[in-house]
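Note that the UniProt record's numbering numbers the sequence shown so that position 134 is 134, with each residue one more than the last. Worksheet: one structure, shown below.
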Amino acid sequence: METRRVTPAQLNAVGRVKVLLLEPRTDRADALRSALRAGGFEVTTPHRDEPASLAAKRLQPTVVVLTPGVDDDGLVELRALRKDEGLREVPIVLTTAPHALGIIGKPLEPGEVVNAVRRAASGRTPARVLVVDDDPRALELVRAALTPQGYEVETCDNAPRRSQPPAPTSPTCCSPT
Numbered sequence: 001m002e003t004r005r006v007t008p009a010q011l012n013a014v015g016r017v018k019v020l021l022l023e024p025r026t027d028r029a030d031a032l033r034s035a036l037r038a039g040g041f042e043v044t045t046p047h048r049d050e051p052a053s054l055a056a057k058r059l060q061p062t063v064v065v066l067t068p069g070v071d072d073d074g075l076v077e078l079r080a081l082r083k084d085e086g087l088r089e090v091p092i093v094l095t096t097a098p099h100a101l102g103i104i105g106k107p108l109e110p111g112e113v114v115n116a117v118r119r120a121a122s123g124r125t126p127a128r129v130l131v132v133d134d135d136p137r138a139l140e141l142v143r144a145a146l147t148p149q150g151y152e153v154e155t156c157d158n159a160p161r162r163s164q165p166p167a168p169t170s171p172t173c174c175s176p177t
């Protein structure tokens, strides 16, 4: 697998990884910001009412942490980031519903976000991902984010009618590093 190179523009003046945090809830944003800063990252957020893609162009982050809202804002933001030639290669760490593999589930554990950002910034990313979520929009969002980056994405819901969700062979994203 090809290792992604971090450009000097993506690091701050003292060489720290820059994270653009896109979390609509203030309490979660505060918790994630604190955890990421404690992990040694420079954390920024968009200006009030600034679209994610404009904030990303302005800030040139190394990694984006995106929490989709209840409406389609997260999907719109994700598509805008992926559509822009200069932002297409920026890794995006998505947070979504509980029981997701390869994606950080809610309720958020800030330490998991820190580890995911470290993996994304280092270029060590999995090749195969299983996503379990009851919201079809969340499944579409994850597929839209990961497929263009070369991931093989398997999805299923968490419905009680299934004894076991379908699993891809040997997913490479299930164990944290």
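Don't be surprised by glycine CBs; every beta carbon is placed ideally from N, CA and C.
Item to check | Segment limits, alpha helix (DSSP H) that includes residue 54 | outcome: Sequence index remark: in the sequence shown, residue 54 carries index 54 (1-based). Counting along the chain, the alpha helix (DSSP H) containing residue 54 begins and ends at 52–59.
Item to check | Same chain, Cβ closer than 6 Å to residue 68, five either side skipped, listed in chain order | outcome: Along the sequence shown, one-based indexing puts residue 68 at 68. Here the set comprises 74, 141.
Item to check | Sequence-distant residues of the same chain with beta carbon closer than 7 Å to residue 139, five excluded per side | outcome: Here residue 139 refers to the residue found at position 139 of the sequence shown. Counting only Cβ-Cβ distances below 7 Å, and skipping sequence neighbours, we find 131, 133, 155.
Next on the checklist: Tell me which residues share the same chain as residue 39 and place their Cβ nearer than 6 Å to its Cβ, disregarding the 5 neighbours each side in the sequence.
Outcome noted: Numbered from 1 along the sequence shown, position 39 holds the residue referred to as residue 39. So the qualifying residues of the chain are 114.
Checklist entry - Do you know how far the Cα of residue 51 is from the Cα of residue 116? => result As a working mapping, residue 116 is identified with position 116 in the sequence shown. As a working mapping, residue 51 is identified with position 51 in the sequence shown. Answer to the nearest angstrom: the Cα atoms are 23 Å apart.
Checklist entry - In terms of alpha-carbon separation, which member of 44, 92, 49, 64 lies closest to residue 151? => result Here residue 151 refers to the residue found at position 151 when the sequence shown is read from its first residue. Considering only alpha carbons, the answer is 92.
Next on the checklist: Can you find the residues in the same chain that come closer than 7 Å, C-beta to C-beta, to residue 88, ignoring five residues on each side of it along the sequence?
Outcome noted: Locating residue 88 in the sequence shown gives position 88, where the first residue counts as 1. Result list for residue 88: 82, in chain order.
Checklist entry - Based on Cα-Cα distance, which residue from 153, 109, 18 lies nearest to residue 28? => result Numbered from its first residue, the sequence shown carries residue 28 at position 28. Closest option to residue 28, Cα to Cα, is 109.
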